[in-house]
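Here the protein sequences line up with chains A and B, keeping their order. Note that the first sequence covers residues 1 to 121 in my numbering. Note that the second sequence covers residues 1 to 121 in my numbering. Even for Gly, the Cβ is constructed at its ideal location relative to N, Cα and C. Computed from a predicted model, the values in this text were never measured in an experiment. Reviewing the structure listed below.
Protein chains: 2
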Amino acid sequence: MSRSNPRVVSVLERAGGFASAQEVYRLMQREGESIGLTTVYRSLQSLVNDKFVDVLRREDGEAIYRLCGGAHHHHLVCKGCGETVEIEGGAIEKWAKTMAQEFGFRDVGHTAEIFGLCPKC
Amino acid sequence: MSRSNPRVVSVLERAGGFASAQEVYRLMQREGESIGLTTVYRSLQSLVNDKFVDVLRREDGEAIYRLCGGAHHHHLVCKGCGETVEIEGGAIEKWAKTMAQEFGFRDVGHTAEIFGLCPKC
DNA sequence: TATGGAAATGAAAATCATTTTCATTTGTGC
DNA sequence: GCACAAATGAAAATGATTTTCATTTCCATA
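This is the structure in structure tokens:
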């Protein structure tokens with residue numbers, strides 16, 4: 001299993017926001033770093049597993065990554081410009097727990113995203 | 001330009017929630033409807049343009065479609081066997097509304113899924 | 001009822017992100 | 001130095017989506 005690659009982390013830091021795997025790869029190439037696309041994908045995935053980065057999807061479906069604090073949170077995403085706000089989901093956590101119990105599900109996780117148009121759009 | 005295809009709309013109605021283009025296609029095939037995948041994609045796109053359906057992205061990036069205004073519910077999905085239970089999300093609706101208001105978002109929708117292991121798995 | 005053009009259709013090819021395969025390289029403990 | 005596990009990356013495979021392009025269906029009008 002590939003480990004969280006410090007070179008990839010560094011690129012994400014410098015990118016300072018969201019970047020797709022392809023973008024990370026192109027950036028590293030442009031800077032003369034020798035790395036394979038496969039390794040970029042693997043590194044990003046293990047960073048996601050370790051909760052060092054957040055994944056989201058562009059409107060075209062491409063996955064985009066960003067370093068994140070690691071705390072569990074949800075997103076409010078603008079359909080127009082893609083701006084995202086991290087939000088609290090206390091109500092969701094409770095709801096998920098309740099529902100899981102009601103139907104006898106164990107080992108549960110959940111996703112919850114809100115999407116709409118931000119004030120600017 | 002392809003027009004909003006009533007057969008595709010009908011499938012989405014019966015699906016009663018989100019369905020991907022591929023799923024719509026497979027469903028129609030299974031029911032003996034003769035239609036091309038290309039046409040499914042085009043119909044869905046024009047339905048989106050006309051705001052008759054909403055698009056979202058699954059976690060794997062696949063686009064999923066749902067009739068706007070249709071009955072709205074959430075899912076409890078088993079990671080083991082794939083069984084899904086439709087559940088109520090009253091708490092979620094409230095949460096989404098509150099959050100949207102707080103950040104000035106308009107025209108909002110949301111997704112929320114819970115996944116875990118069902119009693120049998 | 002013909003007929004001509006516009007819109008709709010779909011099969012097959014192209015595209016593009018992502019994943020898988022697999023052989024090679026690198027690193028680490030002994 | 002040696003063996004073995006982990007990491008790497010090139011190339012092929014995958015899978016959704018889009019594009020191309022030739023054919024078919026509609027529909028208005030002669």
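- Rounded to the nearest whole angstrom, the C-alpha separation of B:I114 and A:Q29 is 39 Å.
- Taking a C-beta distance under 7 Å as the contact criterion, B:S34 and B:N5 do not qualify as a contact pair.
- Contact holds between the segment 7-24 of chain B and the segment 58-75 of chain B, because three or more Cβ pairs, one in each stretch, are under 8 Å apart.
- Within chain A, the residues whose beta carbon sits less than 9 Å from that of B:C118 are F103, G104, F105 and R106, listed in sequence order.
- In the displayed model, A:I114 falls within a strand according to three-state DSSP.
- Going by DSSP, A:R26 is part of the alpha helix (DSSP H) stretching over A21 to R30.
- Contact annotation: A:D107 and B:G116 have beta-carbon atoms nearer than 7 Å.
- For the segment 76-100 of chain A, the continuous beta strand (DSSP E) assignments of 3+ residues that do not extend past its boundaries occur at 84-87, in sequence order.
- The criterion of a C-beta distance shorter than 7 Å is not satisfied by B:G17 and A:G61.
- Between B:H74 and B:A112, the gap from beta carbon to beta carbon is short of 7 Å.
- Interface criterion met: the Cβ of A:H110 is under 7 Å from a Cβ in chain B.
- Between B:D54 and B:G104, the CB-CB gap reaches or exceeds 7 Å.
- By the neighbour-count criterion, in which a residue is buried when 16 or more other Cβ atoms sit within 10 angstroms of its Cβ, B:R57 is buried.
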